Ligand code: HEC
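So, in structure tokens, the structure goes:
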């Protein structure tokens, strides 16, 4: 009886640890805390779209559908679906655009070329692409 109880506790601890590791791998808890200071107005979304088409569409597709438009492998992910490998909050998306995705940086950092308020405009635009079902 006692060993059964101990085993259950062990499994519990193991599961909790695994969940922790998985959650960390899938997002950026620090970046998730950053709140979006730019309201998703039509103006903001339009400004984001303009920059997106110039800087991002080559890899992520003109509609954010992800793609094979470039030869990077794996191809740039779909930005219209519900899957966010690097986190789905505004703050995490902001961080990905500003700092890129380590270690390969196939998703390059744009922080040196795009100012923060414009990165937020892009975040607002990308969010507006979400498939509605
Ligand atoms: C050179 C090609 C390329 C360009 C240009 C590019 N990306 Fe990416 N992007 C990628 C790749 C590849 C990944 C996946 C990185 C990984 O998981 O290691 C990615 C990942 C992302 C993610 C994370 C998606 C997720 O599922 O978590 C976001 C958000 C993103 N890009 C937005 C943008 C935006 C906005 C721009 C323009 C400012 C942009 N990207 C420009 C290639 C690109």
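Numbering (this note's numbering), first residue to last: 3 to 135.
Every residue gets a Cβ at the ideal spot worked out from N, C-alpha and C, and that includes glycine.
Predicted model, so just to flag it, every value in this text is computed and none were measured.
Query                                                                                                 : Result
C-alpha gap between residue 65 and residue 39, whole angstroms                                        : 25 Å
Beta-bridge partners of residue 78, as assigned by DSSP                                               : 69
Burial state of residue 92, where buried means 16 or more other Cβ atoms lie within 10 Å              : buried
Given 8 Å, three or more beta-carbon pairs between the segment 83 to 103 and the segment 44 to 54     : no
Terminal residues of the alpha helix (DSSP H) in which residue 119 lies                               : 118 to 130
C-alpha distance - residue 2 paired with residue 75, whole-angstrom precision                         : The question about residue 2 has no answer here: the residues shown for the chain are numbered 3 through 135.
Cβ separation of residue 69 and residue 78, assumed to be a contact under 8 Å, to the nearest whole Å : 6 Å
8 Å Cβ shell around residue 121 - same chain, five flanking residues per side excluded                : 96, 99, 100, 112, 113
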